[in-house]
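In terms of the working numbering, the sequence shown opens at residue 98 and continues consecutively. Below is one structure; the comments refer to it alone.
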Amino acid sequence: MSSFSPLSFALRAQLYQHLAAMEKAGLPTDKAFALLKLAAPAKQRVDQARKLLGRGKDIASAGQQSGLFGELDAQLLRAATSAGSPAKSYQRLAEMYAQKASMRQTILARMRLPVAIFILSLLIQPLPALVSGSLSAKAYLWGCLRPPLILAALYYLGRAILNRRSNSLFSLGLDRLLLQLPIFGVMHVRHNVRDFFESLGLMLEAGLPMLEALPKASQTMGNQLLRAEFEQLFSRVQRGATLAEASAHLKHLPEPYLISLIQSGEASGTLPDTLLRYASGETEILMRFQQQLADWLPRLVYGAVMLSMAYSLLSSGAFMPQLPDELK
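Have a look at this one:
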């Protein structure tokens with residue numbers, strides 16, 4: 098198993114786009130990897146993958162062991178390679194990661210200016226007290242650094258909690274809370290369900306059998322409660338139910354028409370394409386929501402910063418007329 102952390106979405110999109118182009122051009126795998134140029138964090142992984150390919154490893158195993166491919170990606174490519182050419186799977190993965198990179202970049206781009214203003218406000222608010230001598234330089238510096246340090250600690254703590262796969266009571270409680278949040282809870286469900294059906298569609302398209310693909314697809318869901326619910330699909334399908342019949346028992350489906358959509362895909366023999374079209378539509382919905390979030394978050398930060406600065410300046414008394422001590 099790879100000891101590397103996952104590549105960024107942008108790097109993964111670039112990786113799979115390159116491999117798709119090389120595969121369509123008919124280049125052998127070793128030549129495709131020899132021409133692969135990624136940023137410095139991934140260069141070592143590319144070199145390791147080339148060594149593994151030279152030792153006779155298949156592309157999925159070489160990519161997974163070198164840290165270029167995640168577990169799900171490796172499963173998809175292994176199935177696609179055994180069924181023929183992995184070019185279509187490469188292209189699907191490239192498009193999926195490009196969308197995810199775009200969604201993340203939108204939020205980050207919109208938040209740069211609010212974050213800069215927030216940092217400036219931390220520097221400006223204590224200035225009157227520093228100028229008046231009621232605040233030492235050491236206290237001023239600590240007052241400026243403390244809020245970013247607290248926020249950074251909370252951010253990394255939140256990431257650590259969300260990335261955990263344990264079944265602790267705290268983790269389960271957090272997942273339950275996420276489902277109950279107004280607006281965000283609905284989007285959280287849509288995001289998890291989209292990930293499940295997108296992964297299932299990709300694996301079925303690559304040639305994995307349904308009973309093998311279902312457990313793997315459920316593992317892509319970050320919420321433990323949703324994951325446990327969707328894991329029940331395996332036993333129902335194993336007992337002879339169709340995917341549409343098994344999905345009818347699910348409580349968390351974003352759209353009622355999804356059952357009919359799955360049923361239509363199964364009847365026409367186009368289930369993988371049907372699931373991927375549904376996932377693509379859900380991705381557009383999630384992107385619009387994130388776009389709205391990116392529009393409103395800066396406004397909320399601006400408002401909070403302005404109120405905080407106004408309160409700090411007015412309560413400090415630095416700009417209010419002061420009577421001499423003998424006249425008090």
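All residues carry an ideal CB built from backbone N, CA and C; glycine is no exception.
**Study point:** Cβ-based neighbour list, A310, same chain, cut-off 7 Å, excluding 5 preceding and 5 following
**Key:** Locating residue 310 in the sequence shown gives position 213, where the first residue counts as 1. Within its own chain, the residues whose Cβ lies closer than 7 Å to the Cβ of A310, once the five positions on either side in sequence are excluded, are L297, M300, L301, listed in chain order.
Practice item. Note down the Cα distance separating H346 from F215, rounded to an integer number of angstroms. Key: As a working mapping, residue 346 is identified with position 249 in the sequence shown. As a working mapping, residue 215 is identified with position 118 in the sequence shown. So the two alpha carbons sit approximately 47 Å from each other.
Practice item. Using three-state DSSP, classify G400 as helix, strand or coil. Key: For the purposes of this step, residue 400 is identified with residue 303 of the sequence shown, where counting begins at 1. Here G400 sits in helix by DSSP.
Point to revise | Top-ranked residue by Cα proximity to G304, from S182, V228, S377 | key: Counted from its first residue, the sequence shown places residue 304 at position 207. Nearest to G304 by alpha-carbon distance, out of S182, V228, S377, is S182.
Practice item. Give the DSSP-derived three-state secondary structure of Y354 in the structure shown. Key: Along the sequence shown, read from residue 1 onward, the residue named residue 354 stands at position 257. Three-state DSSP puts Y354 in coil, outside helix and strand.
Point to revise | Contacts around Y194, its chain only, beta-carbon distance under 8 Å, and the 5 residues preceding and following it disregarded | key: Taking the first residue of the sequence shown as 1, we reach residue 194 at position 97. Excluding residues within five positions, the ones whose Cβ falls inside 8 Å are F106, A107, R109, A110, Y113.
Exercise for review: Work out the CA separation of L251 and S102 for me, nearest whole Å.
Suggested key: Here residue 102 corresponds to residue number 5 of the sequence shown, with the count starting at 1. Here residue 251 corresponds to residue number 154 of the sequence shown, with the count starting at 1. Distance between the alpha carbons of S102 and L251 is about 21 Å.
Review point. With DSSP run on the structure shown, which of helix, strand or coil describes F166?
Key: Taking the first residue of the sequence shown as 1, we reach residue 166 at position 69. DSSP places F166 in the coil class of the three-state scheme, outside both helix and strand.
Practice item. Tell me whether Q222 sits in a helix, a strand or coil according to DSSP, three-state version. Key: Indexing the sequence shown from 1 puts residue 222 at position 125. Coil, per DSSP.
Exercise for review: Alpha carbon to alpha carbon, how far is L275 from L322? Give it in angstroms, no decimals.
Suggested key: Within the sequence shown, numbered from 1, the residue matching residue 322 stands at position 225. Within the sequence shown, numbered from 1, the residue matching residue 275 stands at position 178. L275 has its alpha-carbon roughly 10 Å from the corresponding atom of L322.
Exercise for review: Output the distance between the C-alpha atoms of M119 and K148, rounded to the nearest integer angstrom.
Suggested key: Translated into the one-based positions of the sequence shown, residue 119 becomes position 22. Translated into the one-based positions of the sequence shown, residue 148 becomes position 51. Taking C-alpha positions only, M119 is separated from K148 by approximately 19 Å.
Practice item. Output yes or no for whether 8 Å exceeds the beta carbon distance between G164 and R189. Key: Along the sequence shown, read from residue 1 onward, the residue named residue 164 stands at position 67. Along the sequence shown, read from residue 1 onward, the residue named residue 189 stands at position 92. Cβ distance not < 8 Å, so G164 and R189 don't count as in contact.
Review point. Nearest CA to the CA of I156: which residue from A343, S377, D127, E328?
Key: Locating residue 156 in the sequence shown gives position 59, where the first residue counts as 1. Nearest option by C-alpha distance: D127.
Exercise for review: Would you mind listing the alpha helix (DSSP H) stretches within the segment 131-155 that are 4+ residues and don't spill past its ends, in chain order?
Suggested key: Runs of the alpha helix (DSSP H) spanning 4 or more residues and lying entirely within the segment 131-155 occur at 137-151, in chain order.
**Study point:** DSSP state of R374 mapped onto helix, strand, coil
**Key:** In the sequence shown, the residue the question calls residue 374 occupies position 277. R374: helix per DSSP, three-state reduction.
Practice item. Return helix, strand or coil for R262, following the three-state DSSP convention. Key: If you number the sequence shown from 1, residue 262 lands on position 165. Model confidence at R262 stands at a pLDDT of 48, short of 50, so the residue's coordinates are unreliable and nothing is read from them.
Point to revise | Contact check, D341 vs I356, beta carbons under 8 Å | key: Numbered from its first residue, the sequence shown carries residue 341 at position 244. Numbered from its first residue, the sequence shown carries residue 356 at position 259. With the sequence shown as reference, residue 341 is identified as Ala, and Asp is not the correct amino acid for it. Their beta carbons are under 8 Å apart, which means A341 touches I356 by this criterion.
Review point. Less than 8 Å separating the beta-carbons of M318 and N289?
Key: For this step, residue 318 is matched to residue 221 along the sequence shown. For this step, residue 289 is matched to residue 192 along the sequence shown. For M318 and N289, yes; Cβs fall inside 8 Å.
Check your understanding: From K154, L104, S344, A117, pick the residue whose C-alpha is nearest to that of A137; which is it?
Key -> For the purposes of this step, residue 137 is identified with residue 40 of the sequence shown, where counting begins at 1. Here the closest residue by C-alpha is L104.
Exercise for review: Let me know the secondary structure DSSP gives R336 once reduced to three states.
Suggested key: Within the sequence shown, residue 336 is the residue found at index 239, counting from 1. R336 sits in coil when the DSSP states are folded into three classes, being neither helix nor strand.
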